Each structure stands twice: as structure tokens, then as C-alpha cells.
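Spelled out as C-alpha cells, the structure:
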């Protein structure tokens, strides 16, 4: 794709985008343009989620259940972040009491679709096997809300684990609300369906290329490309 020399960088946000989304912003993000961000502060929720995922991986270097002692109190986070971390740790130990052995993916951030060139960008931090040897993905959120697993999240997990295991069980949980969904199986048929759906959703934007037009609206908030946007020039 000439408009995407390194391959389109496709995230879950791009797959979820509807007709009200700004095509110019999405295509620029897919091209990996940096733009100008107004704030360079860290994403606190992301920092806590990364810390939890890292400590979960360490807890499961061997086949066993995680314990609260596997989650030492952080000394480099704010008071609010520490509270979220401690709540998430308690939630994880509660909703995942069974033995688990973590196995890292070859790349924890992206997979390349050899047929389309799409780069599927989605962190899948907690992957591994249960005591029966079944492959699992633990899709955890640091939220005080019910656990969810929508079509986009499931598709991204299917795409990201395609080279790792033929069948994968997805366990989605919201740690702060201590809520876990029933397991969902991704088999070869589910993965094929997810691949076709994701390719179709991504093609809505990659097909525009240089013809992507801006649209004023909700996507303007926080957009790193707004300073050069024709829709905002006077």
C-alpha cells in the first residue's frame, strides 16, 4: 500500500470507529504519523495495568495460583495509583484462583497480517497454559465496572494469537469490580471469522489513503493532527 509504506497500524479503536469518526485522524494514526500531543504526561491507568501484567507474569513463571504476596506495594506510583494497584491485585487473586503458567508471545504488542500487510496493534500481556495444558489469554481490565469482551477485543485476541496456539480460551475480567466472565473459546473457525471481519473493518479506512477527509466532532478532542487540519484552519 503506497499510502502505508510500513503497513497500516491498526488498533482496536480503528476497528470500532463508526461513520462519525474523523477519517483523516484515523488514516494518519494508521500511517504512524506522530502529530503534536498537547500533554506528554503518562497514562496512569496504563501504568498500573502494565505493572499488574508484569507482576502477574512473574507470579506465573511456574504452574501455580497467584498470591497477594506476588504483588509488592509499589513505591514509584502515586497514592491513587497504589490504591488502584492494590485493588487490582486483590481482584486478580480472587477471580483467578486456579494454577496458571505464563508464556509470553513472541511480540507482546503487534502481529503482521501477511495477506494484507495490516499490523494488528494490541497488547496481549497475559498468555499461558492451565494445568491441563490448554492455552489461555487472560484479558484483564483495571476498571471498577463489569467485565466485558466485545467483538473487537475478541477479534484482536484471535489475530494476535494466531501463530501461538490453534485454540485459545479467553478469560475476561474486570479486576477492581472483581468480576470475571465465562470463558470464551477461540478455535480455527472463530479465528477465520474474526480475521475476515477485522480486515473488512480496517479496509474502510485504509482504502481511503490520501483521500481521507477531516470531520469536525468528537475526534477533534485530543487529536495530535489538529494544528495542520484543514477543518480547523481559519
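Residue numbers (the working numbering): 868 to 1101. Ideal placement from N, C-alpha and C gives every residue a C-beta, glycine not left out. Everything numeric in this text was worked out from a predicted model, so none of it was measured.
Assign residue i to one of three DSSP states: helix, strand, or coil.
i, result
"residue 975", "coil"
"residue 898", "coil"
"residue 1031", "coil"
"residue 933", "coil"
"residue 1092", "coil"
"residue 890", "helix"
"residue 1051", "strand"
"residue 1046", "strand"
"residue 962", "helix"
"residue 1036", "strand"
"residue 877", "strand"
"residue 950", "helix"
"residue 883", "helix"
"residue 1080", "coil"
"residue 1023", "helix"
Would you decide whether residue i is buried or exposed? Buried here means 16 or more other CB atoms lie within 10 Å of its CB.
i, result
"residue 1035", "buried"
"residue 950", "exposed"
"residue 907", "Low local confidence applies: a pLDDT of 40 at residue 907 is under 50, so the model's placement there is unreliable, with the coordinate-based value given in what follows. It is exposed - the Cβ of residue 907 has fewer than 16 other Cβ atoms within 10 Å."
"residue 994", "buried"
"residue 964", "exposed"
"residue 1008", "buried"
"residue 897", "buried"
"residue 1077", "exposed"
"residue 1099", "exposed"
"residue 991", "buried"
"residue 1072", "buried"
"residue 1092", "buried"
"residue 1056", "exposed"
"residue 987", "buried"
Residue i to residue j, Cα distance in whole Å?
i, j, result
"residue 877", "residue 1025", "14 Å"
"residue 879", "residue 1023", "7 Å"
"residue 1016", "residue 1039", "6 Å"
"residue 970", "residue 1083", "44 Å"
"residue 1011", "residue 1041", "7 Å"
"residue 870", "residue 891", "13 Å"
Do we get a CB-CB distance below 8 Å when we pair residue i with the residues of chain B?
i, result
"residue 1059", "Any reference to chain B falls outside this structure, which holds one protein chain only."
In the DSSP output, which residue or residues are listed as bridge partners for residue i?
i, result
"residue 1008", "1041"
"residue 967", "931"
"residue 1002", "996"
"residue 1071", "Bridge partners of residue 1071: none, in fact."
"residue 919", "Its beta-bridge partners do not exist; DSSP assigns none."
My guess is that residue i and residue j are in contact by the Cβ rule of under 8 Å, so how many angstroms apart are they, rounded?
i, j, result
"residue 922", "residue 943", "Contact flag wrong, Cβ pair sits at about 13 Å."
"residue 1081", "residue 889", "6 Å"
"residue 1021", "residue 956", "With a Cβ gap of about 26 Å, residue 1021 and residue 956 do not count as contacting."
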